[in-house]
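Student:
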Amino acid sequence: MPFNSGYMAPEYVMHGHFSVKSDVVSFGVVMLEIITGRKNTAPLHSQQNKVLLTYIWEHWINGTILEIVDPSLGRNYPQNEALKYIHIGFLCVQEDPADRPMISTVVVMLNSETVSHQTPCQPAFCIGHGGILYGGTGDQSPNNNYVPTSLNDVSVTEIEPR
Numbered sequence: 001m002p003f004n005s006g007y008m009a010p011e012y013v014m015h016g017h018f019s020v021k022s023d024v025v026s027f028g029v030v031m032l033e034i035i036t037g038r039k040n041t042a043p044l045h046s047q048q049n050k051v052l053l054t055y056i057w058e059h060w061i062n063g064t065i066l067e068i069v070d071p072s073l074g075r076n077y078p079q080n081e082a083l084k085y086i087h088i089g090f091l092c093v094q095e096d097p098a099d100r101p102m103i104s105t106v107v108v109m110l111n112s113e114t115v116s117h118q119t120p121c122q123p124a125f126c127i128g129h130g131g132i133l134y135g136g137t138g139d140q141s142p143n144n145n146y147v148p149t150s151l152n153d154v155s156v157t158e159i160e161p162r
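Just so you know, we're using full-length UniProt numbering here: the sequence shown kicks off at 1 and counts up by one.
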């Protein structure tokens with residue numbers, strides 16, 4: 001797995017804290033990547049500057065979640081299975097580790113017909129037009145925990161003599 005904050009638990013990225021539930025975030029992100037057929041770190045062409053979790057979350061709250069399923073599948077997939085996997089993926093990427101399932105629970109959910117009735121909150125990192133929304137509160141207001149940011153594709157190398 002590449003070293004990228006898009007795959008790391010928010011408590012590790014923000015505070016350096018690692019727990020048994022930190023890897024669950026990575027699993028959830030990869031699971032959502034597989035379902036959508038898109039990378040987490042690449043902006044979506046049709047959704048300017050939105051990364052995967054933001055894109056999926058917007059479809060979740062708008063009730064259009066099946067639109068995120070990889071288009072190469074066409075309509076030939078069990079929709080209830082897709083919904084189950086998306087729900088599990090969202091549970092894995094919750095901001096608060098207490099809200100995330102243990103990986104053993106994830107395995108049980110993947111192998112069972114039903115999923116936890118826990119409703120997912122906004123994922124930990126939702127990045128959109130010029131800012132990061134830190135989720136977990138369930139509040140969908142535009143100013144909720146919004147931190148303005150900018151995207152910069154420039155790197156600088158400073159050469160120092162020995």
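We put the beta carbon where it would ideally sit given N, CA and C, even for glycine.
All figures in this text were calculated on a predicted structure; none of them were measured in a lab.
1) Tell whether a beta-carbon distance below 9 Å holds between Ile-88 and Leu-110.
2) Taking Cβ positions, are Ile-65 and Leu-91 nearer each other than 9 Å?
3) Verify whether the separation of the beta carbon atoms of Asn-40 and Val-24 is less than 9 Å.
4) Could you tell me which uninterrupted alpha helix (DSSP H) segments, each at least 4 residues in length, are contained entirely in the stretch 68-103, listed from first to last along the chain?
5) Starting from Thr-54 and walking both ways along the alpha helix (DSSP H), at which residues does that stretch end?
6) Go ahead and label Gln-94 buried or exposed: buried means 16 or more other beta carbons lie within 10 angstroms of its beta carbon, across all protein chains shown.
7) Helix or strand or just coil, what does DSSP make of Glu-33?
Tutor: Taking the structure as given:
1) yes
2) no
3) no
4) 79-92
5) 52-62
6) buried
7) helix
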